[in-house]
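Asker: Dropping a structure here in structure tokens format, bear with me for questions.
Number of protein chains: 2
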Amino acid sequence: MVSIAIHGGAGVITRSEMSDADEQAYRVDLGRALDAGYAVLESAGTSVDAVTAAVRVLEDSPLFNAGRGAVFNHEGVIELDASIMDGQTLKAGAVTGVRHVRNPVDLARLVMDRSPHVLLAGPGAEEFALEQGVELVASSYFFTERRWQQLEKARSGDRFSAAEIGYFGTVGAVAHDHDGNLAAATSTGGMTNKRWGRVGDSPIIGAGNYADNASCAVSATGSGEFFIRTVLAHEISSLIRYRGLSAAAAAREAVRGSLAGIGGDGGVIVVDRDGQVAMEFNTEGMFRGARDSSGRREVEIY
Amino acid sequence: MVSIAIHGGAGVITRSEMSDADEQAYRVDLGRALDAGYAVLESAGTSVDAVTAAVRVLEDSPLFNAGRGAVFNHEGVIELDASIMDGQTLKAGAVTGVRHVRNPVDLARLVMDRSPHVLLAGPGAEEFALEQGVELVASSYFFTERRWQQLEKARSGDRFSAAEIGYFGTVGAVAHDHDGNLAAATSTGGMTNKRWGRVGDSPIIGAGNYADNASCAVSATGSGEFFIRTVLAHEISSLIRYRGLSAAAAAREAVRGSLAGIGGDGGVIVVDRDGQVAMEFNTEGMFRGARDSSGRREVEIY
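Protein sequences appear in the order of chains R and D. Under the working numbering, the first residue of the first sequence carries the number 86, and numbering increases by one thereafter. Under the working numbering, the first residue of the second sequence carries the number 86, and numbering increases by one thereafter.
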């Protein structure tokens with residue numbers, strides 16, 4: 086069975102706050118991302134290509150906190166993080182703090198495929214992008230009025246509680262392809278009003294992203310620091326490998342046990358080596374979708 | 086039993102290449118770091134204070150690739166990474182790409198204690214340092230002639246094989262205190278001739294550093310990308326928690342199994358919740374030491 090799952094962030098706004106039109110817009114873009122990734126799997130493409138395709142759609146949408154539409158940091162700049170991992174080879178690539186890369190997931194992929202490294206940061210990552218022929222874009226490409234207003238609100242209020250606006254909204258995808266290979270990708274703009282070069286869990290292999298054919302592929306979203314401290318994506322893999330849990334049970338234990346145990350909020354999407362998908366969160370909702378070759382296709386928010 | 090272990094990097098030069106005088110100098114500084122950390126534990130101090138004290142001594146020594154004596158990147162600049170984790174609270178702090186902080190482990194500690202974040206990068210991390218009253222130092226403080234010559238050699242040769250000079254040399258410490266609390270700290274200058282803002286495993290919680298009172302504290306050193314891909318420090322914790330392995334058996338399986346399985350080189354120091362120390366590596370040697378309240382005190386290289 087080939088399968089894919091995607092997320093567009095956990096937490097989100099409560100059901101009562103979201104208009105029907107907004108909800109419909111989110112569902113459309115989630116569906117487009119899901120179908121873009123599934124199309125790759127359906128035509129016998131790889132899980133790595135499928136998660137890249139899905140995340141690229143979410144990065145291109147202004148609705149999510151990744152690529153276009155990402156949140157602003159304290160200085161009014163958009164800084165993007167992304168990662169990707171191939172469960173067959175355990176190869177991985179990630180970037181943090183890039184400002185001019187339209188699709189950070191593609192740059193993470195280049196780091197994985199064409200460098201001896203896993204994680205590149207800041208201007209150095211953009212230097213690598215240029216050497217690889219990636220065309221940089223002006224930072225105005227990423228601008229949305231909605232995110233700018235969120236920054237202004239965050240700046241005017243208490244720094245850390247207000248900064249939670251847009252804390253969520255990270256995007257990601259996990260997939261299981263026809264060869265049984267797993268992959269995961271995650272992309273984010275981080276926290277609104279973030280300061281001091283803060284790096285969250287999205288570009289951290291083992292925290293916001295992990296894939297290993299021996300267990301599962303995971304992409305996470307939420308209060309990043311808590312995902313780093315619990316090494317949550319790798320913890321789910323460990324629960325599957327060493328305690329024999331299903332993807333659903335491992336995701337539940339990690340999110341409702343380890344993560345919530347230290348005060349963390351958010352969610353994960355998981356696909357295991359049989360192609361079984363689990364989506365778990367301890368927040369009001371999580372933008373998410375799943376599709377597989379058994380005919381399942383769903384897009385959900387709450 | 087209180088106990089501490091330290092490392093000053095794995096790989097190192099072969100026994101035949103090291104003079105007696107060099108070896109003696111390494112042994113002296115390793116012993117000083119070990120005793121500085123142990124003194125904290127002996128006077129009923131915390132494991133977090135002990136690992137901080139030990140790593141600070143190694144950062145201040147020009148012999149190791151951390152703090153003073155760190156390697157140069159491709160642009161001839163020294164960029165430092167460090168991390169610390171408290172196994173009692175699972176709190177953690179880390180910095181990457183700082184250029185003017187004398188003791189990066191102290192800054193990682195401030196991130197843990199005085200920010201809501203785990204990982205701060207680049208100039209933002211130094212902005213945070215200044216806000217915390219940390220005095221920055223000129224980059225000339227870190228300069229050593231030996232490292233400069235290594236850079237020139239690396240620059241003149243094949244980029245990636247030559248870059249392995251000084252690939253190792255990361256420092257770290259793990260400790261178990263009289264309250265049974267565990268902690269780990271790791272600090273590095275990364276790879277000689279590193280490019281593109283490359284970040285290794287040292288500041289990545291779960292890869293080069295991890296501590297959890299439920300299992301163990303780990304500090305790693307070696308070919309960082311492979312430690313990130315195997316999430317090696319957290320893997321050792323998982324082997325202890327979920328497969329019931331001893332610290333020694335878990336370290337052996339992780340280093341000789343997972344790490345070596347994908348071509349990684351290096352080593353780890355581990356202390357478990359009973360204060361048992363394990364030191365494992367798959368390289369020619371690892372600068373290391375261990376001391377505990379049973380009277381053990383050893384400093385070894387090969």
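Just so it is clear, CB atoms sit at the ideal spot from N, CA and C, and this is done for glycine as well.
Is the region 275-283 of chain D touching the region 292-300 of chain D in the sense that three or more CB pairs, one from each, lie closer than 8 angstroms?
Answerer: no
Asker: Residues of the region 210-227 of chain D in Cβ contact with chain R at a cutoff of 7 angstroms, in chain order, please.
Answerer: Ala-210, Glu-212 and Phe-213
Asker: Any beta carbon of chain D sitting closer than 8 angstroms to that of Ile-321(R)?
Answerer: no
Asker: Could you confirm whether any beta carbon from chain R is found closer than 8 angstroms to the beta carbon of Glu-249(D)?
Answerer: Bear in mind that the predicted position of Glu-249(D) carries a pLDDT of just 49, short of 50, making it too unreliable to give a figure here.
Asker: Grouping DSSP H, G and I as helix and E and B as strand, with all else coil, what is Phe-312(R)?
Answerer: helix
Asker: To the nearest angstrom, how far is it from the Cα of Phe-149(D) to the Cα of Ala-270(D)?
Answerer: 15 angstroms
Asker: Would Glu-338(R) and Leu-317(R) be called neighbours here (beta carbons separated by less than 8 angstroms)?
Answerer: no
Asker: Chain D partners of Val-203(R), CB-CB under 7 angstroms?
Answerer: Glu-310, Ile-313 and Arg-314
Asker: Run the proximity test for Gly-178(R): is its beta-carbon closer than 7 angstroms to any non-hydrogen atom belonging to the ligand GDP?
Answerer: Although the ligand GDP was asked about, the structure shown includes no ligands whatsoever.
Asker: Please identify the residue among Arg-141(R), Arg-112(R), Asp-359(R) and Gly-293(R) whose C-alpha is closest to the C-alpha of Met-170(R).
Answerer: Among Arg-141(R), Arg-112(R), Asp-359(R) and Gly-293(R), the Cα nearest to that of Met-170(R) belongs to Gly-293(R).
Asker: Could you tell me the alpha carbon to alpha carbon distance between Ser-246(R) and Pro-189(R), rounded to whole angstroms?
Answerer: Reliability of the predicted coordinates at Ser-246(R) is poor, the pLDDT of 45 falling under 50, and the value obtained from them is presented with this limitation in mind. Their backbone Cα atoms lie some 28 angstroms apart in a straight line.
Asker: If contact means a Cβ-Cβ distance below 9 angstroms, which residues of the region 109-120 of chain D contact chain R?
Answerer: Residues are counted here when their Cβ sits less than 9 angstroms from a Cβ of chain R; for the region 109-120 of chain D the count is zero.
Asker: With a threshold of 6 angstroms on Cβ separation, who are the neighbours of Gln-361(D) within its own chain once the five nearest residues in sequence on each side are excluded?
Answerer: Taken in chain order, the residues that qualify are Ala-332.
Asker: Am I right that Gly-274(D) and Val-156(D) are in contact with their C-beta atoms under 8 angstroms? What's the rounded C-beta distance?
Answerer: In this structure Gly-274(D) is in contact with Val-156(D), their Cβ atoms being roughly 5 angstroms apart against a cut-off of 8 angstroms.
Asker: Tell me the DSSP secondary structure of His-263(R) in three-state form.
Answerer: coil
Asker: If we ignore side chains and look at the alpha-carbon of each, how far apart do Ser-308(D) and Gly-351(D) end up?
Answerer: About 6 angstroms.
Asker: Comparing alpha-carbon positions, which option in Thr-368(R), Arg-381(R) and Glu-385(R) lies nearest Gly-96(R)?
Answerer: Thr-368(R)
Asker: Report the rounded CA-to-CA distance for Asp-114(R) versus Met-371(R), giving the unit in angstroms.
Answerer: The alpha-carbon atoms of Asp-114(R) and Met-371(R) are separated by roughly 14 angstroms.
Asker: Taking 8 angstroms as the threshold (C-beta atoms), are Ile-313(R) and Val-203(D) in contact?
Answerer: Cβ distance < 8 angstroms, so Val-203(D) and Ile-313(R) count as in contact.
Asker: Have a look at the DSSP bridge pairing and note the partners of Gln-351(D).
Answerer: A small fix is needed here, since residue 351(D) is Gly in this sequence, not Gln. Beta-bridge pairing links Gly-351(D) to Gly-307(D).
Asker: So Leu-192(D) is in the alpha helix (DSSP H); what residue range does that whole segment cover?
Answerer: 189-199
Asker: Taking buried to mean at least 16 other C-beta atoms within 10 Å of its own C-beta, is Ala-214(R) buried or exposed?
Answerer: buried
Asker: For chain D, is any of its Cβ atoms less than 8 angstroms away from the one on Gly-282(R)?
Answerer: yes
Asker: Report yes if the CB atom of Ala-151(D) is closer than 8 angstroms to the CB atom of Ala-118(D), and no otherwise.
Answerer: No, the pair does not count as a contact, with Cβ atoms beyond the cut-off.
Asker: What does a CB cutoff of less than 6 angstroms around Ala-335(D) pick up in its chain, not counting 5 residues either side in sequence?
Answerer: Ile-321, Leu-324 and Ile-325
Asker: DSSP beta-bridge partners for Met-170(D)?
Answerer: Ala-177(D) and Ala-269(D)
Asker: Kindly list the residues whose CB is nearer than 6 angstroms to the CB of Lys-176(R), restricted to its own chain and excluding five residues on each side of it in sequence; keep chain order.
Answerer: Met-197
Asker: Taking Leu-175(R) as the query, report the chain D residues whose CB atoms sit under 8 angstroms from its CB, ordered along the chain.
Answerer: Arg-314, Thr-315 and Ile-347
Asker: At a CB-CB cut-off below 8 angstroms, which residues of chain D make contact with Gly-207(R)?
Answerer: Gly-182, Ala-206, Gly-207 and Gly-282
Asker: Considering only the alpha carbon of each residue, which of Ser-101(R), Val-142(R) and Asn-158(R) lies closest to Arg-232(R)?
Answerer: Asn-158(R)
Asker: Please list the residues of the region 326-357 of chain R that have a C-beta atom closer than 7 angstroms to any C-beta atom in chain D, keeping them in chain order.
Answerer: Listed by position along the chain: Tyr-327, Arg-328 and Ile-347.
Asker: Using only the alpha-carbon positions, how far apart do Gln-217(R) and Leu-195(R) sit?
Answerer: 8 angstroms
Asker: So His-263(R) packs on Val-133(R), CB below 8 angstroms; how close in whole Å?
Answerer: About 13 angstroms separates the CB atoms of His-263(R) and Val-133(R); that is not less than 8 angstroms, and the two are not in contact.
Asker: Run down chain D in chain order and give the residues with a C-beta less than 7 angstroms from the C-beta of Gly-291(R).
Answerer: Gly-291, Ala-292, Val-316 and His-319
Asker: On the DSSP bridge list, what partners appear for Met-103(R)?
Answerer: In DSSP, Met-103(R) forms no bridge with anything.
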